[in-house]
Amino acid sequence: TDHTIEYNEIQPLLLSHAHYSLAFGQGSQVTYDFEGVEQQFIEQFIQSKPLIIAEHLKFEYAREAYNKNVFQMVRIKVQQTELNQRNWLAISDELDSIEAVNDVLLVLDSVIGFLSSAGGNPDQKLSEYLVTVLNYPCDANGTVLLRSTKANTILQL
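Sequential numbering from 5 applies to the sequence shown in this note's numbering.
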């Protein structure tokens with residue numbers, strides 16, 4: 005409540021700058037000295053308060069800076085192509101829970117870390133890279149489980 009202004013605080017200010025005139029047969033007319041109201045409002049309510057200077061601080065999470073550099077290194081070492089929208093939608097439809105998305109992100113975080121330092125063959129399937137290079141566990145068919153069969157079949161380094 006220290007930072008609010010109530011009507012009962014402003015009402016006397018307005019009334020002190022109101023000018024009334026009574027003309028016979030016309031009733032009363034009220035005019036306000038708005039410049040006076042403004043000046044007194046500033047003096048009474050604004051100048052008596054401390055000045056607040058808002059700064060927009062720019063910051064970056066440490067992980068974001070790390071990821072930025074890692075992604076740049078991956079782009080240098082492994083040529084990247086954009087995933088088409090149909091495949092992107094198919095993969096995202098299969099990842100139907102937060103847990104599934106989190107599992108895939110953890111796997112991809114490992115892959116990106118290794119690719120940024122060692123590079124890789126852009127034609128190699130992601131699932132094959134996970135099994136042969138990173139020794140991830142796989143199913144009976146020799147395929148690592150990315151919680152998305154579409155991702156297992158189409159994603160390459």
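Even for Gly, the Cβ is constructed at its ideal location relative to N, Cα and C.
query: Cα-Cα separation, residue 17 to residue 44; result: 8 Å
query: DSSP-derived helix/strand/coil call for residue 140; result: coil
query: Inter-residue Cα distance where the pair is residue 52 and residue 8; result: 13 Å
query: First and last residue of the uninterrupted beta strand (DSSP E) at residue 96; result: Premise fails: residue 96 lies in the alpha helix (DSSP H), 89-98, not in any beta strand (DSSP E).
query: Spatial distance of residue 83 from residue 96 (CA atoms); result: 23 Å
query: Three-state secondary structure (DSSP) of residue 33; result: strand
query: Cβ neighbour criterion (16 or more within 10 Å) applied to residue 70; result: exposed
query: Secondary structure of residue 55, DSSP reduced to three states; result: coil
query: Coarse secondary structure for residue 150, derived from DSSP in three states; result: coil
query: Residues sharing a beta bridge with residue 24, DSSP; result: 34
query: Endpoints, alpha helix (DSSP H) assigned at residue 106; result: 102-122
query: 8 Å Cβ cutoff met for residue 11 and residue 22; result: no
query: Whole-Å CB distance - residue 150 paired with residue 108, under 8 Å assumed; result: 6 Å
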